[in-house]
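Okay, structure first, notes after.
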Amino acid sequence: MERIVLHVDMDAFFAAIEELDNPEIRGKPVVVGADPKGGRGRGVVSTANYEARKFGIQSATPISIAYQLCPDAVFLSVNMERYRKVSQRIMMIVSEFGKVFEQVSVDEAYLEMNREQRTKNREWEYENAKEVAREIKRRIWEKEKLTCSIGIGPNKLVAKIASGQQKPNGFTVVLPDEVQNFLDPKSADTLPGIGPKTYASLQKLGVKTVADLRRFSKDKLVSLFGKHGEWMWEAARGIDESPVEEYREVKSVGRQTTFEEDTDSSKQVIDTALALLSEVFEELREERLSGRTLTVIVRYRGFETHTSAKTEGKPLTEASARKLAMKLLLPFLGKRKIRLVGVRVSGFT
Ligand code: TTP
Ligand code: MG
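In structure tokens, the structure reads:
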């Protein structure tokens, strides 16, 4: 079954938000990342705006080098909490437009388009996808005053390369019959999955472009690179069957339980809430998340449901969350029979 996949990637994301928040730095080179400390700083650049990229500064450039390249740039530290909030609002906008939505990073997502079940032709499908893309760009600009680049293609691989084709504020559509001509002249390391190491090995074999890579048989690539070689053979032909898989960034971690029988035992409610809280913290640890907000949920017999929440100044520990949970639950206890209790941690830092 043919697919149409759309890839959205925000332009110079962290730097663009900083420019939005600080009008006085707009138009100047902006570098977001570690503190340069007058050229002696350690750490790297998270991102640079397009002005700063003209000086050769990019993501992962050591901050000391970035300072040498452009000492007059505006250097800012990372404000992840702020970027996450903007990201969540943007992802809400994007996710409304497709059949399947997959967020892959803070500023990047895939959408698989709805297909009219073979009632319309391929041109119509692509025209429809283009309209959707234009609408997504328009909405993100209107609501957030930020630009993104969008690529449309028959799979994730092609859509992703297409979105990078005309950055910033780009829009590139690659029809199925155009895939090979689109890929062939590109440097082989444009294929996501061919990193600097693999590319160096390929160059030793005389491969520069995707077209060069296509001269090798599948067997040859497998003998050279194993399973990765098989992937390379397919990628060079624009083949990628990996599905767009529904994924949204975790915004909260919560658990709730309905009692077998409605209870008026305060002890039972508290013990249950604390047990749920341990599960929540186990998941938070696994996901390497920490949050500042705790919410408790209480549902009485008859379904009347209440929540109570508190946000702390610093990330909750399991111990601090236990104390807080008891405090938040107390006003709900000893009144009516309780049907359900739940806890949730959010406000990730
Ligand atoms: P990217 O989409 O790779 O970069 P970008 O949005 O800044 O620029 P582009 O216009 O080329 O898409 O990454 C998104 C954000 O992720 C970026 O703004 C900062 C962060 N990031 C890092 O912190 N370190 C990194 O090495 C990279 C690549 C990104
Ligand atoms: Mg980006």
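Our numbering applies: residue 783 is where the sequence shown begins, and numbers increase by one.
Beta carbons: idealized from backbone N, C-alpha and C, even for Gly.
Owing to the predicted nature of the structure, the values given are computational and were not obtained by experimental measurement.
In this structure, DSSP gives residue 971 a helical state, which the three-state scheme calls helix.
When the beta-carbon positions are compared, residue 811 and residue 855 come within less than 9 Å of each other. As far as DSSP is concerned, residue 821 takes part in no beta bridge. With fewer than three CB-CB distances shorter than 8 Å, the stretch 1029-1036 does not count as touching the stretch 1092-1111. About 5 Å separates the CB atoms of residue 792 and residue 930; that is less than 8 Å, so the two are in contact. DSSP places residue 966 outside both helix and strand once states are collapsed to three, so it counts as coil. Around residue 831, the same chain offers 794, 797, 812 as residues with beta carbons nearer than 6 Å, after the five sequence neighbours per side are excluded. Using a cutoff of 8 Å, the CB of residue 792 counts as near ligand 2, since one of the ligand's heavy atoms is closer than that. Annotation for residue 1041 indicates a beta carbon at 8 Å or more from all heavy atoms of ligand 2. A residue is called buried when at least 16 other Cβ atoms come within 10 angstroms of its Cβ; residue 1050 does not meet this threshold and is exposed. Secondary structure in the stretch 922-951: the beta strand (DSSP E) runs of 3 residues or longer, each lying completely within the stretch, are 930-935 in chain order.
The secondary-structure analysis by DSSP pairs residue 889 with nothing; it has no beta-bridge partner.
Annotation for residue 1092: the continuous beta strand (DSSP E) segment containing it runs 1087-1093.
Our two residues, residue 950 and residue 805, have alpha carbons roughly 19 Å apart in a direct line.
Proximity of the beta carbon of residue 890 to ligand 2 is indicated: a heavy atom of the ligand is located closer than 8 Å. Going by beta carbons, residue 859 and residue 820 fall outside the 9 Å limit. Cβ-Cβ distances below 8 Å link residue 864 to 799, 803 in the same chain, with the five nearest sequence neighbours on each side left out; the list follows chain order. Secondary structure of residue 1098 (DSSP, three-state): coil. The Cβ neighbour count for residue 1009, taken over all protein chains shown within 10 Å, is under 16; the residue is labelled exposed.
Close CB contacts of residue 1091 within its chain, under the 7 Å cut and outside five residues either way in sequence, are with 1075, 1076, 1077 (chain order).
The C-beta separation of residue 955 from residue 934 comes to about 5 Å, placing the pair in contact by the 8 Å criterion. By the neighbour-count criterion, in which 16 or more other beta carbons inside 10 Å mark a residue as buried, residue 937 falls on the buried side. In the three-state DSSP reduction, residue 837 falls in the coil class, being neither helix nor strand. The Cβ atoms of residue 1056 and residue 1127 lie no closer than 9 Å to each other. Residue 799 has no beta-bridge partner at all, per DSSP. Within the chosen limit of 8 Å, ligand 2 reaches the beta carbon of residue 795 through at least one heavy atom. DSSP places residue 792 in the strand class (E or B) of the three-state scheme. For residue 809, the closest C-alpha among the options 844, 1094, 833 is that of 833.
Counting only runs of at least 4 residues, the stretch 1002-1053 fully encloses the following alpha helix (DSSP H) elements, listed from N- to C-terminal order: 1009-1017. Secondary structure at residue 989: coil, using DSSP grouped into helix, strand and coil. Taking a cut-off of 8 Å for Cβ pairs, the stretch 959-973 and the stretch 1016-1026 touch, as three or more such pairs fall below it. Residue 1079 and residue 1124 do touch by the CB rule: their CB atoms are close to 4 Å apart, below 8 Å. For residue 872, the uninterrupted alpha helix (DSSP H) segment begins and ends at 862-877.
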